[in-house]
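In my numbering, the protein residues as written are 23 to 491. Built from N, CA and C at the ideal position, the CB exists for glycine as well. For reference, the structure discussed in these notes is given below.
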Ligand code: UGA
């Protein structure tokens, strides 16, 4: 990876209030004590705000949602994210963190992170960036000369250049694009110890000044030799969407191999192990299963396709449509396996659905393959009882028609078929003998290829994985 080490900029101020904290086994040289605002306190912004305060900065998190702000001020995370409640509480106790619904509270901060959502537009592939524009428009009256607005949201390439004009016309502030690569479930670690930093900056002295401010924000990570790529706006925006497009492609590649394995009797999990030993390929993100979901990968590849089409380069990323189709076909496959297991007679059969979140260690059900499978089976007339350690409340809000069970044992009890769609540890570790004592049927569909087929078959079960015999 490209590492750029730049001499300290003349704009860097000396660090104030240096203190030491620890994160995992790493020393954190904490506390340049910058004043920071974070606009948008969702999965990205809340973690960013708390992490920046944990690193010694003085942070105000701002969100339009009163209930969310009240929870955050009370030290309660409004969503499940391991480690977040702990750093929220410690940062609030330190007095370096607070949350508000009033954008005017951003006044006085030097760096303003914009971390609002850019969801898929209804009925279209493109991203809805109206929340980003609204955040910037709302922020401009409270910006001072020399402040830095740092965009974190994932936006279509070209957005930052447009917003930079808006910011400079409305204030003397600068704009940088500073994409975020955190993974839900590891968001705190990824924010405090990122694997790289990317700054998309304006040219010339403005860029130098913006860089100096970001260097001060990220002094701890930079001090720990985190690779830094300094670039222009367009590249920074593209880095983010191309990273997610690559990850989505890797997952759909292995899922395409699973489809071929299904008609040839091959085993995609062994195939992934074997090709993954090639360091050029790598084993990570080669887990075949029900596919990718969440608030990022699916909508980001669609938004990328839409933006490339706008730019007259639709053909360059046309393959992403295929990546999307392969991904969605895997959900069909899981539903088909359930229907097969019931000999086509799904009506009023009890289906235990293990997992609702789009992945473990998250309560996020946005575009979740697991929830989608539960909803489709319900639509086919099955008596679906779905369970998840963290994601039931979010699932129920979207799909109150589904029956949810807090305990996996209740979902499994008298089930005609069992389908595992989110690989939480407690489902990976299920004992086939114990499930036999609960369920009526003897077919388990492993939508994440995370169970041991040998032990399930030995216990009398028909095991069906994805792309494995
Ligand atoms: C993703 C990226 O990994 C982050 O780097 C990025 O910052 C983030 O999107 C974002 O844009 O904000 P995240 O959505 O948290 O992070 O989830 P991932 O860990 O990427 O997983 C995405 C989906 O792929 C999940 O449904 C997961 O189950 C699935 N997956 C992952 C597979 O099906 N197979 C794999 O081998 C890996």
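Enclosing beta strand (DSSP E) for residue i [first to last residue]
{"i": "residue 121", "result": "119-122"}
{"i": "residue 134", "result": "133-136"}
{"i": "residue 172", "result": "170-173"}
{"i": "residue 290", "result": "Residue 290 -> not in any beta strand (DSSP E); alpha helix (DSSP H) instead, spanning 290-298."}
{"i": "residue 210", "result": "Looking at the DSSP string, residue 210 is not in any beta strand (DSSP E); the run it does join, the alpha helix (DSSP H), is 209-214."}
{"i": "residue 198", "result": "196-199"}
{"i": "residue 374", "result": "372-376"}
Nearest residue (CA-CA) to residue i, options the options
{"i": "residue 399", "options": "373, 409 and 383", "result": "373"}
{"i": "residue 474", "options": "464, 463 and 486", "result": "486"}
{"i": "residue 293", "options": "279, 302, 147 and 271", "result": "279"}
{"i": "residue 152", "options": "356, 138 and 129", "result": "138"}
{"i": "residue 20", "options": "71, 90, 150 and 411", "result": "Any question about residue 20 goes unanswered here, given that the chain covers just 23 to 491."}
{"i": "residue 429", "options": "449, 443, 420 and 423", "result": "449"}
{"i": "residue 163", "options": "149, 175 and 130", "result": "130"}
{"i": "residue 258", "options": "196, 175, 212 and 272", "result": "175"}
{"i": "residue 383", "options": "339, 206, 228 and 415", "result": "206"}
{"i": "residue 169", "options": "386, 234, 208 and 119", "result": "234"}
{"i": "residue 465", "options": "356, 427 and 444", "result": "356"}
{"i": "residue 328", "options": "109, 148, 125 and 55", "result": "148"}
{"i": "residue 460", "options": "229, 433 and 126", "result": "433"}
{"i": "residue 479", "options": "93, 458 and 462", "result": "458"}
{"i": "residue 255", "options": "271, 201 and 289", "result": "201"}
{"i": "residue 57", "options": "78, 408 and 266", "result": "78"}
{"i": "residue 108", "options": "75, 230 and 260", "result": "75"}
Coarse secondary structure for residue i, derived from DSSP in three states
{"i": "residue 97", "result": "coil"}
{"i": "residue 490", "result": "coil"}
{"i": "residue 404", "result": "coil"}
{"i": "residue 247", "result": "coil"}
{"i": "residue 473", "result": "coil"}
{"i": "residue 191", "result": "helix"}
{"i": "residue 307", "result": "coil"}
{"i": "residue 393", "result": "helix"}
{"i": "residue 164", "result": "helix"}
{"i": "residue 142", "result": "strand"}
{"i": "residue 424", "result": "coil"}
{"i": "residue 383", "result": "coil"}
{"i": "residue 151", "result": "coil"}
{"i": "residue 468", "result": "strand"}
{"i": "residue 437", "result": "coil"}
{"i": "residue 457", "result": "helix"}
{"i": "residue 80", "result": "strand"}
{"i": "residue 478", "result": "helix"}
{"i": "residue 222", "result": "strand"}
{"i": "residue 176", "result": "coil"}
Boundaries of the alpha helix (DSSP H) in which residue i is found, first to last residue
{"i": "residue 356", "result": "341-363"}
{"i": "residue 61", "result": "Per DSSP, residue 61 belongs to no alpha helix (DSSP H); it is in the beta strand (DSSP E), 57-61."}
{"i": "residue 255", "result": "255-286"}
{"i": "residue 236", "result": "226-239"}
{"i": "residue 413", "result": "No alpha helix (DSSP H) contains residue 413, which DSSP labels as neither H nor E."}
{"i": "residue 112", "result": "106-116"}
Contact with chain C by residue i, beta-carbon distance below 8 Å
{"i": "residue 451", "result": "Checking the listed chains, one finds no chain C in this structure; it contains a single protein chain."}
Do the stretch 298-312 and the stretch 220-227 touch if we need at least three Cβ pairs shorter than 8 Å?
no
Touching or not, the stretch 439-449 and the stretch 355-371, by the rule of three or more beta carbon pairs under 8 Å?
yes
Is the stretch 321-336 in contact with the stretch 185-194, if contact means three or more CB pairs nearer than 8 Å?
no
Just checking, does the stretch 447-467 make contact with the stretch 242-257 on the three C-beta pairs under 8 Å criterion?
no
At least 3 beta-carbon pairs within less than 8 Å: the stretch 59-74 vs the stretch 84-102
yes
Below 8 Å, can you find three or more Cβ-Cβ pairs linking the stretch 394-408 to the stretch 341-360?
yes
Three-pair Cβ contact test at 8 Å for the stretch 309-327 versus the stretch 336-350:
yes
With a threshold of 8 Å, are at least 3 pairs of Cβ atoms found where one atom belongs to the stretch 116-130 and the other to the stretch 76-86?
yes
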